[in-house]
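2 protein chains.
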Amino acid sequence: MSPPAAQSPVFADLQDAAARIAPFAHVTPVLRSRALDGEAGAALHFKAEHLQRGGAFKFRGACNAVFSLPDADAARGVVTHSSGNHGAALALAAQLRGIPCHVVVPDGAVRAKLAAIEHYGAILHRCAPTIAAREAACVQVHADTGGTVVHPYTDPRVIAGQGTAALELLAAQPDLDALVVPLGGGGLASGSALAMQALAPQCRLYLAEPEGAADGARSFARGALDLDVVPDTICDGLRGALGAINFDILRAADARVLTVDDARTVAALRLLWSRTKQLIEPSSATVLAAVLGNPALFRGRKVGLVLSGGNVDLRALATLLE
Amino acid sequence: MSPPAAQSPVFADLQDAAARIAPFAHVTPVLRSRALDGEAGAALHFKAEHLQRGGAFKFRGACNAVFSLPDADAARGVVTHSSGNHGAALALAAQLRGIPCHVVVPDGAVRAKLAAIEHYGAILHRCAPTIAAREAACVQVHADTGGTVVHPYTDPRVIAGQGTAALELLAAQPDLDALVVPLGGGGLASGSALAMQALAPQCRLYLAEPEGAADGARSFARGALDLDVVPDTICDGLRGALGAINFDILRAADARVLTVDDARTVAALRLLWSRTKQLIEPSSATVLAAVLGNPALFRGRKVGLVLSGGNVDLRALATLLE
């Protein structure tokens with residue numbers, strides 16, 4: 006069975022998602038730092054999604070998807086493949102609704118994230134670390150259980166849910182000049198684009214993407230999806246290939262990709278740790294790396310940055326610090 | 006010249022301190038964690054002093070001391086010896102008042118903390134890492150400059166300032182059953198005792214002290230100061246010897262010392278990092294280690310815990326994680 010062609014969500018879907026997840030999700034704080042404003046020469050407003058339930062923005066989309074399901078579908082559970090944060094988020098959302106959650110995880114996934122997925126009661130299904138193997142395993146679990154597949158970033162319910170982070174940020178700070186979000190598969194980025202177009206059309210959307218997983222930059226340069234990239238980056242949350250629906254939304258919003266190399270991301274990570282005392286994961290630091298690496302774009306501006314998650318593997322982190 | 010015998014501050018001094026520092030200090034948030042409540046079987050309320058300016062509660066006392074000075078005294082500057090957070094805090098407070106700050110720092114002090122002290126414009130004076138050498142250097146700098154010596158924890162203005170953290174916590178949560186603070190020299194602990202006696206007499210005060218620097222536990226056991234301890238603990242903020250004035254205040258408040266070994270502190274540190282995403286320093290984790298190590302005292306209770314600071318040396322941290 007092939008899924009129906011996904012229909013792009015619109016702003017009203019974000020508003021519905023915000024209402025649907027309100028009983029479960031945190032309205033995360035917006036953090037400021039004098040020291041980082043000084044480094045950037047800009048007024049930085051960090052949306053702290055590492056303080057979201059499950060430790061990442063992913064809970065928003067997962068929660069919206071799980072609580073959108075009719076009861077009969079929900080009873081058969083949900084299925085996904087995920088390198089980590091989406092799997093944990095879907096597991097938590099399913100636990101809150103009291104339904105089964107099946108998660109296909111690739112070998113080599115971050116240990117802390119697998120522990121979180123199991124902690125929330127999901128059933129793990131291991132597979133080889135290729136996109137093809139992950140999707141095949143997902144199809145098999147779907148066939149076995151009848152559970153609803155919730156894709157980590159192309160599912161319109163997920164996109165609408167992820168957009169609620171920018172919705173909150175822009176409701177609090179409607180006069181942002183720029184919004185910078187990490188770009189992996191594009192769920193957060195495309196949801197943010199929909200929020201921004203409705204609430205802050207003057208705002209420019211920038212997508213921080215690791216140089217080692219720059220399918221987004223290539224796709225924007227070509228004007229068509231170009232996924233011929235083997236991800237090689239410490240940003241384990243940003244290795245997914247940009248989705249077609251996400252790409253379309255981002256192009257319509259005139260988003261601009263800023264690539265950052267891992268060395269700059271690690272420097273930004275250390276700066277964020279020491280200045281804000283927030284234990285964010287490497288993917289989250291790409292946004293500050295993008296701002297610091299492009300002063301001409303941001304100096305003197307009011308900038309929103311989404312810190313996407315804080316699920317760091319402490320052992321892996323130790324090696325980053327040496 | 007010898008200083009006048011310090012007079013113990015009273016609750017009104019805490020209220021004055023709160024008003025005096027209000028234009029400069031943050032009212033830090035109180036953090037909750039479902040996961041940590043589950044681990045402890047208690048309702049934990051974390052006062053997030055790592056989010057205070059300068060990255061530690063120390064700014065409260067330093068700010069109160071600096072802004073208490075008459076203009077003529079202030080113009081000659083302030084002097085202190087400090088293994089780190091107090092030095093940085095005094096430097097920041099002096100910078101805010103526009104006066105010189107001299108800091109005597111022992112060899113071997115944490116690199117990140119020295120960088121912070123210099124960042125705030127203080128003049129560093131190095132000395133051997135013994136208490137005698139530190140005090141002698143302090144006296145010399147005082148003689149050379151005429152600056153006012155602000156002791157890190159026996160100065161009554163400092164004690165009153167440190168007490169404002171518990172003042173805020175108890176104003177927000179007046180029905181705490183227990184309050185747990187780290188014990189080093191006793192500035193935070195004694196200030197907290199004064200706040201607690203006035204605002205929450207039903208609350209019991211517990212002092213989390215590293216086993217490797219247990220002069221507090223020995224002093225309470227003997228009923229008299231017993232400083233015959235060579236500190237050996239990863240909690241670099243808690244190596245100071247308990248002050249006489251602090252000990253007197255703590256005894257009057259019927260405080261109880263709970264010692265924790267470094268292994269439990271490191272386990273609590275990792276738990277706090279992974280569950281709250283807050284990058285606190287080892288000294289801050291003693292309070293959770295004390296709660297988890299003494300379930301009979303805390304299970305089912307409403308507990309306040311002061312997270313004292315977040316000035317971690319990232320390289321030292323990496324070795325803790327291996």
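Quick mapping for you: the protein sequence lines, in order, are chains Y and D.
Position in the first sequence (from 1) plus 5 gives the number in the numbering used here.
Position in the second sequence (from 1) plus 5 gives the number in the numbering used here.
Ideal placement from N, C-alpha and C gives every residue a C-beta, glycine not left out.
Query: Report all residues from its chain with a CB closer than 6 Å to the CB of residue 390 (chain D); omit the five preceding and five following residues, and keep chain order.; Result: Since the first and last residues shown for chain D are 6 and 327, residue 390 (chain D) lies out of range.
Query: Going by the beta-carbon positions, is the gap between residue 109 (chain D) and residue 163 (chain D) smaller than 8 Å?; Result: no
Query: Counting along the chain, where does the beta strand (DSSP E) carrying residue 185 (chain D) start and finish?; Result: 183-187
Query: By the 10 Å Cβ neighbour count, where 16 or more other Cβ atoms means buried, how is residue 6 (chain D) classified, buried or exposed?; Result: Because the pLDDT of residue 6 (chain D) is 34, which lies under 50, any placement of that residue in the model is unreliable, and the number read from its coordinates should be weighed accordingly. By the neighbour-count rule (16 or more Cβ atoms within 10 Å), residue 6 (chain D) is not buried but exposed.
Query: Check whether the Cβ of residue 21 (chain Y) sits closer than 7 Å to any heavy atom of the ligand MG, and report yes or no.; Result: Because no ligand of any kind appears in the structure shown, any question about the ligand MG cannot be addressed here.
Query: With DSSP collapsed to three states, give me the class of residue 154 (chain Y).; Result: strand
Query: For a contact defined as C-beta to C-beta under 7 Å, what are the partners of residue 55 (chain Y) on chain D?; Result: 282
Query: On the premise that residue 197 (chain Y) lies in contact with residue 210 (chain Y), defined as a C-beta separation below 8 Å, what is that separation, rounded to the nearest angstrom?; Result: 7 Å
Query: Helix, strand or coil: how does DSSP classify residue 74 (chain D) here?; Result: coil
Query: Tell me whether residue 61 (chain Y) sits in a helix, a strand or coil according to DSSP, three-state version.; Result: strand
Query: Go through its chain and collect everything with a Cβ distance to residue 178 (chain D)'s Cβ below 6 Å, but skip five positions before and after it.; Result: 50
Query: For the 8 Å Cβ check, are there 3 or more pairs between the region 128-143 of chain Y and the region 21-39 of chain Y?; Result: no
Query: At the 8 Å Cβ level, is residue 193 (chain Y) part of the contact set with chain D, yes or no?; Result: no
Query: Enumerate in chain order the residues of its own chain whose CB-to-CB distance from residue 143 (chain D) is below 8 Å, with the five nearest sequence positions on each side excluded.; Result: 84, 85, 86, 109, 154
Query: Any Cβ of chain D within less than 8 Å of the Cβ of residue 7 (chain Y)?; Result: In this prediction, residue 7 (chain Y) has a pLDDT of 40, which is less than 50 and means its spatial position is unreliable; what the coordinates show is noted afterwards. By this cut-off, residue 7 (chain Y) is not an interface position.
Query: Rounded to whole angstroms, what's the CA-CA distance from residue 151 (chain Y) to residue 81 (chain Y)? Just pull it up for me.; Result: 6 Å
Query: Run through DSSP, which three-state label would residue 318 (chain Y) get?; Result: coil
Query: If you draw a straight line from the C-alpha of residue 321 (chain Y) to the C-alpha of residue 39 (chain Y), how long is it?; Result: 29 Å
Query: Which residues bound the alpha helix (DSSP H) around residue 116 (chain Y)?; Result: 116-124
Query: Within 8 Å, do at least three Cβ pairs link the region 42-58 of chain Y to the region 294-307 of chain Y?; Result: yes
Query: Just the Cα atoms here: how many angstroms apart are residue 282 (chain Y) and residue 315 (chain Y)?; Result: 12 Å
Query: May I have a chain-ordered list of the beta strand (DSSP E) segments no shorter than 3 residues that lie completely inside the region 190-221 of chain Y?; Result: 209-215
Query: Use the C-beta contact count for residue 58 (chain Y): other C-beta atoms within 10 angstroms, 16 or more gives buried, fewer gives exposed.; Result: buried
Query: Just mark residue 96 (chain D) as buried or exposed, buried being the case when its beta carbon has 16 or more other beta carbons within 10 Å.; Result: buried
Query: Who pairs with residue 264 (chain Y) in a beta bridge, going by DSSP?; Result: Y:214
Query: Count the other CB atoms, across all protein chains shown, that sit within 10 Å of the CB of residue 120 (chain D); report buried if there are 16 or more and exposed otherwise.; Result: exposed
Query: Go through its chain and collect everything with a Cβ distance to residue 8 (chain Y)'s Cβ below 8 Å, but skip five positions before and after it.; Result: Low confidence applies here, because residue 8 (chain Y) scores a pLDDT of 47, under 50, leaving its location unreliable; read the following figure in that light. Same-chain partners within the cutoff: 154.
Query: For residue 270 (chain Y), does the count of other Cβ atoms within 10 angstroms reach 16, so buried, or fall short, so exposed?; Result: buried
Query: Would you mind working out which of Y:272, Y:175, Y:190, Y:276 sits nearest residue 32 (chain Y), comparing C-alpha positions?; Result: Y:175
Query: Going straight from the alpha carbon of residue 243 (chain D) to that of residue 286 (chain D), what length do you get?; Result: 11 Å
Query: Using a C-beta cutoff of 8 Å, does residue 279 (chain Y) count as contacting chain D?; Result: yes
Query: Could you give the C-beta distance for residue 262 (chain Y) and residue 212 (chain Y), rounded to a whole number, given that I count them as a contact under 8 Å?; Result: 5 Å
Query: Residues of chain Y with CB closer than 8 Å to the CB of residue 319 (chain D), please, in chain order.; Result: 275, 278, 279, 326
Query: Does any residue of chain D have a CB that is nearer than 8 Å to the CB of residue 309 (chain Y)?; Result: no
Query: So what's residue 110 (chain Y) in DSSP terms, helix, strand or just coil?; Result: strand
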